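Q:
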Amino acid sequence: MSVKLPLASLIRMAGINFDEDGSLWHVNGRMEREPVPTRDDGRGYLCCDFRIGNMRRTAKVHRLVWTYWRGEIPDGMHVDHIDHDRHNNAVSNLRLRDPSENSGDCRKTTRKGIAKTTPLQRKAVQSLSECCFQTAEVAALLGLGASTVRRIKKQNPRIC
5 MSVKLPLASL IRMAGINFDE DGSLWHVNGR MEREPVPTRD DGRGYLCCDF
55 RIGNMRRTAK VHRLVWTYWR GEIPDGMHVD HIDHDRHNNA VSNLRLRDPS
105 ENSGDCRKTT RKGIAKTTPL QRKAVQSLSE CCFQTAEVAA LLGLGASTVR
155 RIKKQNPRIC
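Per my numbering, numbering through the sequence shown is continuous, rising by one, with the last residue being 164.
1) Which stretch, first to last residue, makes up the beta strand (DSSP E) that contains P39?
2) So, at 8 Å on beta carbons, what are the nonlocal neighbours of I56 in its own chain, with the 5 sequence-adjacent residues on each side left out?
3) Does DSSP put M81 in a helix, a strand or coil?
4) Going by alpha carbons, who is nearest to R48 out of H66, C136, L124 and R61?
5) Whose C-beta lies closer than 6 Å to the C-beta of R115 among residues of the same chain, with five residues either side of it excluded?
6) Which residue from Q159, R101 and T62 puts its Cα closest to that of K127?
7) Alpha carbons only, please: which of R155, P10 and K157 is nearest the one belonging to D79?
8) Tell me where the beta strand (DSSP E) around R55 begins and ends.
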């Protein structure tokens with residue numbers, strides 16, 4: 005029988021720390037900051053696996069980040085990515101939603117969880133980037149996540 009511990013207890017027991025941008029780290033034996041490995045769960049969410057004694061646990065990074073910075077997630081609530089980019093786990097990009105709000109808020113995403121963009125959005129990213137707007141500015145103007153804008157720019161290397 006498995007025992008389900010609250011996320012806050014797991015975070016404390018595993019010695020995981022978080023930056024506000026959603027990156028995970030711990031202090032290794034030489035007292036150096038070391039990143040905690042994460043992986044895609046196949047549905048676009050980042051997960052991390054950790055072991056505490058004999059217990060193995062996998063947890064979604066956005067739920068861990070919320071718990072670390074904001075406290076336990078109330079029963080029946082979901083942690084939602086505001087920009088719909090499941091890899092963007094910055095505290096400022098997360099909010100609590102009830103399941104009905106969260107499902108009605110969905111937009112189409114690829115299998116990897118990255119927001120699908122229209123040809124018009126991709127062209128706008130190219131045009132604004134060529135005008136030397138910063139990634140964050142382009143994302144804000146078009147209502148896209150910064151990582152989505154970076155992905156579009158990376159697919160089109162002629163952009164400055």
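Ideal Cβ placement from N, Cα and C applies to all residues, glycine included. As the structure is a prediction and not an experimental result, all values here were calculated from the model.
A: Walking through what the data contain:
1) Translated into positions along the sequence shown, residue 39 becomes position 35. Element bounds for P39: R37 to P39.
2) Residue 56 sits at position 52 when you count from the first residue of the sequence shown. Hits under 8 Å: L14, M17 and A18.
3) For the purposes of this step, residue 81 is taken as the residue at position 77 of the sequence shown. M81 falls in the coil class under three-state DSSP.
4) Along the sequence shown, one-based indexing puts residue 48 at 44. Correcting the residue identity first, residue 48 is Gly in this sequence and not Arg. Among H66, C136, L124 and R61, the Cα nearest to that of G48 is on H66.
5) Counting from 1 along the sequence shown, the entry for residue 115 is found at position 111. Annotation note: pLDDT 48 at R115 (below 50); position unreliable, no value reported.
6) Counting from one through the sequence shown, the residue named residue 127 turns up at place 123. For K127, the nearest C-alpha among the options comes from Q159.
7) To locate residue 79, count along the sequence shown from 1; it is residue 75. Considering only alpha carbons, the answer is P10.
8) Position 51 of the sequence shown, counting from 1, holds the residue named residue 55. Here the beta strand (DSSP E) through R55 covers L50 to I56.
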